[in-house]
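A.B. asks:
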Amino acid sequence: MSELLSEMNSLLEKAAEGGGEEAVERLRLKGKMPIRERISHVLDPDSPFLEVSPLAAWRSPFAISSGFLVGIGVISGVECLILGHDPSVRAGAFNQFNSKKLMRGLQIARENRLPYVQFVESAGADLRGQGGKKEDPEDVIQREIDHFAESGRLFYEITELSKLGIPTISLVFGASTAGGAYQPGMSDYNILIKNQSQVFLGGPPLVKMATGEDADPESLGGAEMHSFVSGLSDYLANDEMDGIRICREIVSHLNWRKFGPEPDAEFSEPMYDQEDLLGIVSKDLKTPFDMREVIARIVDGSNFEEFKASYGPTLVCGWAKIHGYPIGILGNNGALFSESAEKAAQFIQLCNQISTPLVFLHNITGFLVGTEFEQGGITKNGSKMINAVSNSTVPHLSVVVGASYGAGNYGMSGRAFGTRFNFIWPTAKIAVMGPKQMAGVMSIVGKAAAERRGIDFDEEADSKRSQIVEHWAEERSKGLFATSRVSDDGMIDPRDTRQVLAIALSVAHNAEVKGTKEYGTWRM
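For the sequence shown, my numbering assigns the number 10 to the initial residue and increments by one for each residue that follows.
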C-alpha cells in the first residue's frame with residue numbers, strides 16, 4: 010500500500026504544478042493568480058475542497074489534471090460545484106479529458122442541486138495537437154470534429170441547471186474565446202474584470218480572416234465594452250480579488266437551502282485508528298480481509314448494525330452513520346452467491362423505504378459461475394440485485410477498495426448505475442474480469458475456433474499472446490488507469506475515506522433524499 014500511496018501523492022503534486030513554474034510566473038507578471046490560488050480565495054476559511062478527477066489525463070500527451078480544476082467547496086456557507094480553467098496549461102483550452110471532467114462536474118451539480126461557479130479563462134478548443142506534439146493535420150481535424158460534438162453538451166447542461174433553478178455564476182479572469190465565451194453567455198450571473206477579461210466568439214485573428222476587420226481586443230470583447238455596451242457583464246470588478254469578493258456576495262444572496270434532512274448535531278469518531286486502513290488491504294488482492302475492519306474505521310463510533318449476518322456471508326450489509334448522516338452499507342467479503350444477491354436486494358429495498366443513502370464498498374471478483382450456481386439461480390438472483398440497484402432512488406456512494414470486476418461492479422452500483430460519487434483506493438482494480446481469466450478465456454476461444462476450422466493451433470504463439478494479454482489487462486485494470494480516464498471521481502488516500510464520504514453525504518443532502526417503492530419485474 011505504501012508504494013501505491015507514494016505514487017499517487019507524487020502524481021497529485023505534479024498535477025498541482027499546473028503548467029509549471031515558468032508558466033505560473035508568467036501569470037503573476039500579468040497580475041494574475043494561478044487557478045488553485047483563485048479557488049482558495051473564494052472558499053470559506055478552513056473549509057475543505059473535494060477535487061474531482063485530479064489525475065485525469067495521466068499517461069496521455071496532456072498534462073495531468075488536463076488543465077481544468079473541478080471540485081466541491083463551500084462559498085459563503087453554501088456547497089458549490091466549482092470549475093476553474095488553468096490558464097498555465099495550454100491557455101485553459103478544451104480537450105477530450107477536461108471536457109469529460111467538466112461534464113462530470115455539471116452532472117454532480119445537477120444531481121445534487123449545487124450552485125455552479127466557473128472561473129473562466131480559455132482559448133477554446135485545443136487546436137495545436139495533443140499536448141504540443143506534432144501530429145498529422147488530418148488526425149488533429151478528425152479529433153476536433155469528434156470532440157466538437159461531445160463538448161457542445163456543456164452548453165446544454167449549463168442551461169439545464171438554470172432551468173432547474175440551480176444558479177450558474179461565471180467569473181471571467183482573462184480571454185475567453187469560442188466555447189469559452191459561451192460559458193458566461195449561458196450563465197445566470199457574470200463578473201468581468203476591468204482591463205483583464207475579454208469575451209468573444211471569434212478573437213481578432215478569426216475576425217480578420219472572416220471579415221477583414223482589424224479588431225481591437227478591448228473594443229471587440231473587453232470587460233468595459235460588455236459592461237457598458239453589450240450587457241453581457243452583470244458586475245465589473247476592479248481586479249481578481251474584487252471579482253472573487255463579488256462572487257462570494259452573489260452566493261451569499263442566493264438564500265440557498267438544503268432539501269435533505271439535517272444530520273445529528275453530535276457524533277462520535279471511530280473507536281479504531283484510521284491509520285490502520287493502510288494495513289488492512291494488501292497490494293496483492295488475493296490476500297483476504299474482512300470488510301467489517303474497514304467499516305469499523307469509517308463509521309461514527311464504529312457502530313454497525315449488521316443485517317442478516319448469518320445469511321449470504323460474502324456480502325456484509327447493515328446500518329451506520331457517518332458524521333451524523335444515517336447510511337446503509339454493502340461491503341464485499343468475497344464473490345457474490347445467490348444468497349448474497351438476495352440479501353442485497355432486500356436490504357436496498359429496506360433502505361429505500363426509510364430514505365437512507367447507500368454506501369457500497371467494493372472488493373468483488375464477480376458473481377459465482379458454474380453449473381451448480383446456475384442451477385441454484387445465480388443469474389436470476391443476481392438480476393434481482395442489479396434491478397434493486399438500478400431502481401433505487403436514494404443517493405449511492407461507491408468506494409472501490411480492492412477489486413471490482415464484471416457484473417460484480419454493476420451489482421455494487423458502479424459508475425454506470427447513476428452513483429452520486431464513485432471514489433477508488435490506490436489498491437483498486439476495475440475490469441471486465443481478472444487478467445489471468447481474460448488471457449485464459451481468449452486462449453480457450455482461440456483454440457475452439459482453430460478446431461472448428463480444422464487448422465493446427467499454435468501453442469507457442471498462444472502462450473506468448475496470453476502473456477501479452479495478461480500484461481495488457483493488468484495495466485489497464487489498475488486504479489490509476491481508470492481514474493486517468495475519468496471513470497471515477499478520484500483516487501483517495503484510504504485514511505481520508507471517512508472525510509470524503511462525509512463531504513459527499515452532505516453534498517447529496519442539498520437535493521431531496523427520497524427512496525422508491527417501485528421496481529421492475531423480479532423473477533421469483
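Each residue gets a CB set at the ideal place from its N, CA and C atoms; glycine is no exception. This one's a predicted model, so the numbers in the text were calculated from it and none came from an experiment.
1. CA-CA distance, Ser236 and Arg47?
2. Rounded to whole angstroms, what is the Cα-Cα separation between Lys523 and Gly269?
3. Can you tell me the Cα-Cα spacing of Ala354 and Ala397, whole angstroms?
4. By the three-class DSSP mapping on this structure, what secondary structure does Val368 have?
5. Across which residues does DSSP place Phe376 in a beta bridge pair?
6. Quick one: residues in its chain with C-beta nearer than 7 Å to the C-beta of Asn121, no 5 flanking neighbours on either side, listed in chain order?
7. Would you mind stating whether His371 and Ser407 have Cβ atoms separated by less than 8 Å?
8. Looking at Phe77 and Leu111, is the spacing between their C-beta atoms short of 8 Å?
9. Would you list the residues sitting across from Cys256 in a DSSP beta bridge?
10. What do you reckon, are the CB atoms on Ser131 and Gly101 nearer than 8 Å?
11. Ignore the nearest five residues each way along the sequence and tell me which others in Pro4's own chain have a CB closer than 7 Å to its CB.
12. Should Gly288 go down as buried or exposed, given a rule of 16 or more other Cβ atoms within 10 Å for buried?
13. If we count Cβ pairs, one from each stretch, closer than 8 Å, do we get three or more for the stretch 302–321 versus the stretch 271–289?
14. In this structure, does DSSP put Ile363 in helix, strand or coil?
15. I need the DSSP call for Leu339, collapsed to helix, strand or coil.
16. From the DSSP secondary-structure annotation, give me the bridge partner or partners of Phe106.
17. Measure the alpha-carbon distance for Val129 versus Ile373 and round it to whole angstroms.
18. Cutting at 8 Å between CB atoms, please list the residues of its own chain near Ser512, excluding the five before and the five after it.
19. Whole angstroms is fine: what's the gap from Arg35's alpha carbon to Ala25's?
20. If you reduce the DSSP assignment to three classes, tell me which class Gly28 lands in.
21. Thinking C-alpha only, which one of Phe313, Ser242, Leu52, Ser11 is nearest Ser261?
22. Considering only their Cβ atoms, is the gap separating Gly375 from Ala344 smaller than 8 Å?
C.D. replies: Taking the coordinates as given:
1. 22 Å
2. 9 Å
3. 5 Å
4. strand
5. Leu345
6. Arg429, Val516, Ala517, Asn519, Ala520
7. yes
8. yes
9. In the DSSP output, where bridge partners are listed per residue, Cys256 has none listed.
10. yes
11. Coverage of the chain is limited to positions 10 through 533, which leaves residue 4 absent and any answer about it impossible.
12. exposed
13. yes
14. coil
15. strand
16. Phe106 is not bridged to any residue.
17. 41 Å
18. According to the sequence as given, residue 512 is Ile; it is not Ser. Closer than 8 Å at the Cβ level, and outside the excluded window around Ile512, lie Pro57, Leu59, Ile81.
19. 17 Å
20. coil
21. Leu52
22. yes
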